[in-house]
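Residue numbers (the UniProt record's numbering): 1 to 524. Structure, as structure tokens:
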């Protein structure tokens with residue numbers, strides 16, 4: 001009986017594990033956290049959504065056991081209590097196992113195997129039951145399948161005696177000189193639930209995986225974790241602001257505007273390969289402006305944005321968003337932060353309308369405000385006819401429009417857009433441009449892009465970054481005046497193989513070198 005009852009839950013374990021890990025794999029979990037979702041609320045929602053179907057399964061299993069004369073004498077209420085307790089601890093066990101996986105399919109495949117493996121110590125306990133006392137059984141019951149196995153065994157023994165498990169014999173054992181009982185097994189499953197929950201909370205904080213800022217191993221002992229920043233010691237943006245002085249050309253900062261985001265001497269070195277992704281970057285982004293973050297692949301744009309949103313920790317330096325330090329006040333920052341990642345992060349089963357409603361409620365909007373927000377977003381994105389269409393059924397351009405629009409839901413004061421027009425057609429691209437220009441007022445918008453025309457049209461200021469360093473920053477007109485003229489150098493390599501259609505044996509390449517660069521580098 002214990003083996004049959006344990007195997008009956010294996011499929012549910014695989015499904016729960018796959019669902020939880022999928023949110024991590026698809027970056028939905030981190031996106032929701034960036035948009036202000038508390039981790040405790042996220043885990044609670046997963047617990048409740050997993051518990052309901054398991055309790056329904058437990059009720060059906062009780063009905064099957066009673067109607068099939070497998071447990072004819074036992075009280076169905078006690079049986080349901082026992083199975084419900086195991087449902088609770090199984091969910092918490094799945095949460096703990098999910099911290100070890102980053103791929104949903106792998107988690108589903110391995111989770112069932114691990115779950116069954118944890119049952120095997122019960123087989124040893126049965127084989128050595130004459131040598132294992134109360135303390136040994138309690139210790140072995142720290143593995144929830146073992147506690148479940150003991151409970152199933154006691155059900156079978158009471159049924160053999162023609163008594164069955166009743167409320168009055170819940171605290172007694174069917175075996176002589178045995179202090180362990182079904183009540184002890186149920187209590188141990190709740191103890192296991194608590195332990196698994198604490199371990200999940202700790203492991204997720206210290207080892208968050210690919211995305212997220214790891215906490216030090218001793219963080220539960222830190223006063224700052226439980227009480228927040230001590231009053232009077234909160235971090236504030238520096239009063240004196242100066243962008244990288246080593247940049248090729250740098251326009252004077254707008255003195256009449258407050259920086260919504262200020263990056264100060266930011267450095268990011270990846271552990272593997274010791275790659276320097278961001279090299280002492282200092283830069284301000286101002287309210288009411290779109291700042292185009294321009295650079296080649298690998299220049300450090302996405303890394304910088306990932307640090308600003310809390311996906312990656314900085315190696316040194318910091319950034320201030322709305323006057324708050326990202327190192328110590330990230331939770332408060334995220335309440336006013338909107339993000340559009342480089343790739344669409346949408347719930348395939350939710351409709352366009354449900355996406356806006358979900359993120360609006362996540363930002364703390366009332367039901368009436370959310371309804372108005374839904375209508376506004378659908379109208380501005382040109383998607384009113386798609387309001388009840390699932391995200392998975394939208395075209396690539398429409399999905400991108402929705403992803404960009406979600407960053408503005410809830411009145412986000414700082415909006416970070418990582419290549420929002422990548423891979424979309426010209427019509428959808430123009431629609432996204434119009435959306436950004438309309439929502440610019442009162443917001444600090446950071447837009448990364450590869451396209452010069454996009455940076456020119458949208459950017460009030462353009463910051464060009466290369467190899468993690470700021471090269472130049474200023475308005476489009478300023479940069480054109482400084483870098484718009486120069487020299488064309490024609491480089492010729494003699495003796496090269498002639499190209500098809502070429503009449504000479506020389507290979508020529510024409511390169512534009514801006515005059516300001518030549519002057520700055522001192523080569524002429």
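Using N, Cα and C, we set each Cβ at its ideal position, and we do this for glycine too.
Is DSSP giving residue i helix, strand or coil here?
i           : result
residue 331 : helix
residue 525 : This structure cannot speak to residue 525, because the chain is shown only from 1 to 524.
residue 271 : coil
residue 262 : strand
residue 131 : coil
residue 416 : strand
residue 302 : helix
residue 45  : helix
residue 71  : coil
residue 325 : strand
residue 11  : helix
residue 192 : helix
residue 425 : coil
residue 523 : Confidence is the limiting factor: at residue 523 the pLDDT is only 41, short of 50, which leaves the residue's position unreliable, though a coordinate-based value still follows. In this structure, residue 523 counts as coil in the three-state DSSP scheme.
residue 599 : Outside the shown range of the chain, which is 1 to 524, sits residue 599, and nothing can be said about it.
residue 386 : helix
residue 250 : strand
Pick from the options: whose alpha carbon is nearest that of residue i?
i           : options               : result
residue 465 : 148, 423 and 249      : 249
residue 416 : 443, 426 and 423      : 443
residue 33  : 70, 339 and 207       : 339
residue 272 : 210, 225 and 193      : 210
residue 7   : 145, 280 and 418      : 145
residue 134 : 158, 173 and 159      : 173
residue 313 : 212, 196, 103 and 41  : 212
residue 474 : 463, 58, 481 and 484  : 463
residue 202 : 448, 96 and 471       : 96
residue 284 : 401, 48, 44 and 446   : 446
residue 64  : 282, 276, 411 and 83  : 83
residue 17  : 69, 100 and 70        : 100
residue 292 : 380, 167, 309 and 419 : 419
residue 178 : 196, 159 and 137      : 137
residue 342 : 441, 303 and 194      : 303
residue 162 : 77, 48, 427 and 71    : 71
residue 257 : 286, 276, 264 and 277 : 286
residue 308 : 391, 322 and 19       : 322
Enumerate in chain order the residues of its own chain whose CB-to-CB distance from residue i is below 7 Å, with the five nearest sequence positions on each side excluded.
i           : result
residue 335 : 36
residue 13  : 90, 94, 111, 112 and 115
residue 476 : 456, 459 and 462
residue 39  : 33
residue 59  : 80
Spatial neighbours of residue i within its chain, please: CB distance less than 8 Å, with the 5 preceding and 5 following residues excluded, ordered by chain position.
i           : result
residue 433 : 421, 454, 457 and 458
residue 279 : 267, 300, 467, 468 and 469
residue 192 : 89, 92, 93, 141, 142, 143, 144 and 147
residue 239 : Interpretation of residue 239 is limited by its pLDDT of 48, a score under 50 that renders its predicted location unreliable; the figure taken from the coordinates is listed afterwards. Cβ neighbours of residue 239 beyond the five flanking positions: none.
residue 157 : 174 and 175
residue 190 : 85, 88 and 89
Residues in the same chain with beta-carbon distance under 6 Å from residue i, minus the five sequence neighbours each way, listed in chain order, please.
i           : result
residue 148 : 86
residue 185 : 147, 150 and 151
residue 377 : 356 and 405
residue 403 : 340 and 344
If you count every other CB in all the chains shown that lies within 10 Å of the CB of residue i, and 16 or more means buried, which is it?
i           : result
residue 452 : exposed
residue 169 : buried
residue 289 : buried
residue 259 : buried
residue 270 : exposed
residue 225 : exposed
residue 406 : buried
residue 393 : exposed
residue 50  : buried
residue 252 : exposed
residue 372 : exposed
residue 4   : exposed
residue 359 : buried
residue 11  : exposed
residue 207 : exposed
residue 67  : exposed
residue 381 : buried
residue 337 : buried
residue 324 : buried
residue 430 : exposed
residue 255 : exposed
residue 449 : buried
Quiz item: With a cut-off of 8 Å, do at least 3 Cβ pairs link the stretch 25-34 to the stretch 337-356?
Solution: Put simply, the stretch 25-34 touches the stretch 337-356. At least three CB pairs are less than 8 Å apart.
Self-check item: Three or more C-beta pairs below 8 Å linking the stretch 220-228 and the stretch 115-135
Solution: Per the Cβ contact rule, the stretch 220-228 is not in contact with the stretch 115-135 (fewer than 3 Cβ pairs under 8 Å).
Quiz prompt | the stretch 352-359 in contact with the stretch 381-389 per 3-pair CB rule at 8 Å | solution = Between the stretch 352-359 and the stretch 381-389, the count of C-beta pairs closer than 8 Å reaches three or more; the two stretches touch.
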